[in-house]
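Participant: Let me give you the structure first, and then I'll get to my questions.
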Amino acid sequence: MKRILLPLFLGVIFLTLQTTLLTSPPIRRIRPDIVLVLTVYLGFFYPAVSGGVLAVVIGILMDLFSGNSFGLYTVSRPLIFYVSQFFKGRFYLVSFWSHFLIVLIFGLAEGLLLLLLLGLVNSSPLGPLYRLFFTSLFPQSFFTALLAPILFFLIHRLSLHSSVGAG
239 MKRILLPLFL
249 GVIFLTLQTT
259 LLTSPPIRRI
269 RPDIVLVLTV
279 YLGFFYPAVS
289 GGVLAVVIGI
299 LMDLFSGNSF
309 GLYTVSRPLI
319 FYVSQFFKGR
329 FYLVSFWSHF
339 LIVLIFGLAE
349 GLLLLLLLGL
359 VNSSPLGPLY
369 RLFFTSLFPQ
379 SFFTALLAPI
389 LFFLIHRLSL
399 HSSVGAG
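As structure tokens, this is what we get:
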């Protein structure tokens, strides 16, 4: 039970931090997506069913608290979770660079997926993709990836402490 409640609690905490403290005007364009780091962590270190349910719940919560079209994060977060599940045995995530690189790739992939979905849903054009990529998507993914090793370490520590207390 603690293995499910801890990531759910962290998801709510990360979502609260992301929507309140990280939306200040100076860092608005480079605001890291710390919930994405949690989703990738779940994909690499949690089983498919429980982690997938957590990814769906976190995606629904993100949809509820964001101003975007409903369903974008409900689709993208489980997709990121299951793609990271697919790559779980193929990558060895122990170093700063491996955490950084995998979260950077997933951040860019999710951003492109969200731009594609928004382009399908909205009737107005999104503008040139390369401009959006270099002014919004890449900086946000880069700063999210910079925080990833720290957050992976903290989440891993919290999971170890909760599993030690469970026995």
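Whatever position you read off the sequence shown (first residue = 1), add 238 for my numbering. Glycine is no exception: its CB is placed at the ideal position from the N, C-alpha and C atoms. Bear in mind the structure is a predicted one, so any value in this text is a computation, not a measurement.
Where does Ser288 land, buried or exposed, given buried means 16+ other C-beta within 10 angstroms?
Facilitator: Along the sequence shown, one-based indexing puts residue 288 at 50. That one is exposed.
Participant: Which of the three DSSP states is assigned to Pro377 in this structure?
Facilitator: Here residue 377 corresponds to residue number 139 of the sequence shown, with the count starting at 1. Correct three-state label for Pro377: helix.
Participant: Rounded to a whole number of angstroms, what is the C-alpha to C-alpha distance between Ser333 and Phe324?
Facilitator: Within the sequence shown, residue 333 is the residue found at index 95, counting from 1. Within the sequence shown, residue 324 is the residue found at index 86, counting from 1. Straight-line Cα distance between these residues: approximately 20 Å.
Participant: Around the C-beta of Arg315, are 16 or more other C-beta atoms found within 10 angstroms, so that it is buried, or is it exposed?
Facilitator: Counting from 1 along the sequence shown, the entry for residue 315 is found at position 77. With 16 or more other Cβ atoms within 10 Å, it is buried.
Participant: Under a three-way DSSP split, which group does Val332 fall into?
Facilitator: Indexing the sequence shown from 1 puts residue 332 at position 94. Here Val332 sits in coil by DSSP.
Participant: In angstroms with no decimal places, state the Cα-to-Cα distance between Ala383 and Leu248.
Facilitator: Position 145 of the sequence shown holds residue 383. Position 10 of the sequence shown holds residue 248. Approximately 18 Å, taken between the alpha carbons.
Participant: Kindly list the residues whose CB is nearer than 6 Å to the CB of Phe344, restricted to its own chain and excluding five residues on each side of it in sequence; keep chain order.
Facilitator: By 1-based counting over the sequence shown, the position of residue 344 is 106. Here the set comprises Val278, Ile318.
Participant: Using the rule of at least 16 other Cβ atoms within 10 Å of the residue's Cβ for burial, across every protein chain shown, is Gly327 buried or exposed?
Facilitator: Taking the first residue of the sequence shown as 1, we reach residue 327 at position 89. It counts as exposed.
Participant: Taking the alpha helix (DSSP H) that Leu246 falls in, what are its first and last residues?
Facilitator: The sequence position of residue 246 within the sequence shown is 8, counting from 1. 240-258 is the span of the alpha helix (DSSP H), which, as asked, contains Leu246.
Participant: Per DSSP, what kind of secondary structure is Asp271 in: helix, strand or coil?
Facilitator: For the purposes of this step, residue 271 is taken as the residue at position 33 of the sequence shown. Here Asp271 sits in coil by DSSP.
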